[in-house]
Amino acid sequence: MRFGGFKRLRRFSTSRRLWVALVLLALLAAVLLLQQRSEPPDEDSGNGYAGLGEDAMEYAQAEPSHSLQFPGDHGPHPDYRIEWWYLTANLEDENGEPLGIQWTLFRQALASPDDEDDDSDSPWSTDQLWMAHAALSTPQDHWFDERFARGRPGPDQQGQAGVTTEPFSAWLDDWQLMSRDRDSGDLDSLSVTARGIDDDNTFGYRLDLTAEGPLVLHGVDGFSQKTADGQGSFYYSQPFYRVEGQVEIDGEMRNVSGRAWLDREWSSQIMGPAQQGWDWFSLHLADGYKLMAFRLRGGGEDGGDYLSGSWISPDGNVTNLDDDAIELIPTEHSEIEDREIPTQWRLRLPGQDLDVTVKARHPDRWLDTVFPYWEGDVTVEGSHSGIGFLEMTGY
1 MRFGGFKRLR RFSTSRRLWV ALVLLALLAA VLLLQQRSEP PDEDSGNGYA
51 GLGEDAMEYA QAEPSHSLQF PGDHGPHPDY RIEWWYLTAN LEDENGEPLG
101 IQWTLFRQAL ASPDDEDDDS DSPWSTDQLW MAHAALSTPQ DHWFDERFAR
151 GRPGPDQQGQ AGVTTEPFSA WLDDWQLMSR DRDSGDLDSL SVTARGIDDD
201 NTFGYRLDLT AEGPLVLHGV DGFSQKTADG QGSFYYSQPF YRVEGQVEID
251 GEMRNVSGRA WLDREWSSQI MGPAQQGWDW FSLHLADGYK LMAFRLRGGG
301 EDGGDYLSGS WISPDGNVTN LDDDAIELIP TEHSEIEDRE IPTQWRLRLP
351 GQDLDVTVKA RHPDRWLDTV FPYWEGDVTV EGSHSGIGFL EMTGY
């Protein structure tokens, strides 16, 4: 999901420069190793956004026959190449000003479980890399930061970054998403913290999340198909969080409240080789319904796009939406970082009598991270009203 090219470094400390250098060296070594062990790709084949369409090789494959199990699946899946714990929140401060936050932890495997060449005796050996993103936005401004860590060898996930299940805890340094009930492995009651620096501006947040509905499994029992030929990922969400807490902007503390959405996803090849990126919506509607919808550009029937989604009732019942049930049409574009980015959309679900305009609160929500993408809060107007988040990659 958010992997691309190294574009710029913002005011990294010496220790963070060291970590970035280590990460890039490890990534380079992994790419060279994979190139040596795999067959050359077809001339006209791609690998999608940041290589997420590359062949899964010896990694575990996401398949619809697998049944998700909790709390175990809240934790890491090192047999799969890529996964994330992805939180977004639509908030308001005490003056009614809207704010958006993002907290994301990514895990990337560098070698498949069948790789026998890992020098596990070395204190620097690792087969896992971790990356975290944090962002905070107001209607006028947008701040973001990122951090990196290497995983420790072996099954022990303790260290600079990792995830445990009982109690649930996900972290990279002091950026943490964890259960407030230390005897629980579920996701019903969490806290999230992060503090970063963007162009000398400090920002941060500490929020308490309380689920008011059940977990939602997308696709077929949690297997979310991503291409017409059947490949996909395991994907579930907790879209029912109520939020209370504080955000910090340059030392100023604001009390905030609102709604949050947590996505969990893992796969070894989340895209097909012909797909270059995606447009992903998570929406809270005023009548209590929620919507997850995505368009992967390419990979559909006859070379078209592949669309899918979940229509979620206020009590958590899910209606799966296939390609014929969703219309996603960009209606306005903005030039951001020399890219034409669609920042307003018409979204229709004829079967649900939904016909809305989804619009970015502010077009400039580009995350110029090591792996750049667009992520920001949106408004919903039309047959339904609401708020939510939009993510766009591969532009």
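When you line the sequence shown up against full-length UniProt numbering, it's residues 1 to 395, in that order. All C-beta atoms, glycine included, are put in the ideal place defined by N, C-alpha and C. Source: prediction; values computed, not measured.
Original post:
Rounded to whole angstroms, how far is the Cβ of residue 244 from the Cβ of residue 208, which I believe are closer than 8 angstroms?
Top reply: 5 angstroms
Original post:
Smallest Cα separation from residue 419: which of 246, 303 and 381?
Top reply: The chain is shown only over 1 to 395; residue 419 falls outside these bounds and no answer can be derived.
**OP:** Thinking residue 67 and residue 221 are a contact (beta carbons under 8 angstroms), I'd like their distance in whole angstroms, please.
**Re:** 6 angstroms
**OP:** Would you mind sorting residue 406 into buried or exposed? The rule is 16 or more other CB atoms within 10 Å of its CB.
**Re:** Because the chain in this structure spans residues 1 to 395, residue 406 falls outside the shown range and cannot be described.
Original post:
CA-CA distance, residue 136 and residue 60?
Top reply: 35 angstroms
Subject >> Same chain, Cβ closer than 7 angstroms to residue 25, neighbours up to 5 away in sequence not counted >> reply: Any answer about residue 25 is weak, because its pLDDT of 42 lies below 50 and its placement is not dependable; what the coordinates show is given next. Excluding residues within five positions, none has a Cβ falling inside 7 angstroms.
Subject >> residue 237 beta carbon less than 8 angstroms from that of residue 267 >> reply: no
**OP:** Label residue 42 either buried or exposed according to how many other C-beta atoms from any shown protein chain fall within 10 Å of its C-beta, with 16 as the threshold for buried.
**Re:** Only weak support exists for where residue 42 lies, its pLDDT of 38 falling under 50; the value from the coordinates is given anyway. Exposed.
Subject >> For residue 395, three-class secondary structure by DSSP >> reply: coil
Subject >> Alpha carbon of residue 227 to alpha carbon of residue 306, nearest angstrom >> reply: 6 angstroms
Subject >> Proximity winner among 93, 82, 103 and 92, relative to residue 111 (alpha-carbon distances) >> reply: 82
Original post:
Mapping DSSP to helix, strand and coil, what is residue 133?
Top reply: strand
Original post:
Leaving out the 5 sequence neighbours to the left and right, which residues in its chain are closer than 8 angstroms to residue 286 when beta-carbon positions are compared?
Top reply: 384, 385 and 386
Subject >> DSSP three-state assignment for residue 209, whether helix, strand or coil >> reply: strand
Subject >> Residue span of the beta strand (DSSP E) that contains residue 168, given as start and end >> reply: 168–172
**OP:** Take the Cβ of residue 350 as the centre, count every other Cβ of all protein chains shown within 10 Å, and call the residue buried at 16 or more, exposed below.
**Re:** exposed
**OP:** Determine contact between the segment 159–172 and the segment 95–102, defined as no fewer than three beta-carbon pairs at a distance below 8 angstroms.
**Re:** no
**OP:** Would you tell me roughly how many angstroms separate the C-alpha atoms of residue 11 and residue 142, rounded to the nearest one?
**Re:** Low per-residue confidence applies at residue 11: pLDDT is 36, beneath 50, and the placement is therefore not dependable enough to give any value.
**OP:** Give me the Cα-Cα distance between residue 79 and residue 58, rounded to the nearest whole angstrom.
**Re:** 9 angstroms
**OP:** Give the straight-line distance between the Cα atoms of residue 101 and residue 300, rounded to the nearest whole angstrom.
**Re:** 32 angstroms
Subject >> Distance between residue 319 and residue 254 (C-alpha atoms, nearest Å) >> reply: 37 angstroms
Subject >> Inter-residue spacing [alpha-carbon to alpha-carbon] between residue 192 and residue 103 >> reply: 8 angstroms
Original post:
Leaving out the 5 sequence neighbours to the left and right, which residues in its chain are closer than 6 angstroms to residue 108 when beta-carbon positions are compared?
Top reply: 82 and 129
Original post:
Between the Cα of residue 172 and the Cα atoms of 179, 188 and 132, which residue gives the shortest distance?
Top reply: 132
Subject >> Range covered by the beta strand (DSSP E) that runs through residue 369 >> reply: Here residue 369 belongs to no beta strand (DSSP E), and DSSP marks it neither H nor E.
Subject >> Cβ-Cβ distance between residue 389 and residue 88 below 8 angstroms >> reply: yes
**OP:** Taking only the alpha-carbon atoms, compute the straight-line gap between residue 145 and residue 214 and give it to the nearest angstrom.
**Re:** 31 angstroms
**OP:** Determine the DSSP secondary structure at residue 272, reduced to helix, strand or coil.
**Re:** coil
**OP:** Report yes if the C-beta distance between residue 92 and residue 282 is below 8 angstroms; otherwise report no.
**Re:** no
Subject >> Cβ-based neighbour list, residue 72, same chain, cut-off 8 angstroms, excluding 5 preceding and 5 following >> reply: 165
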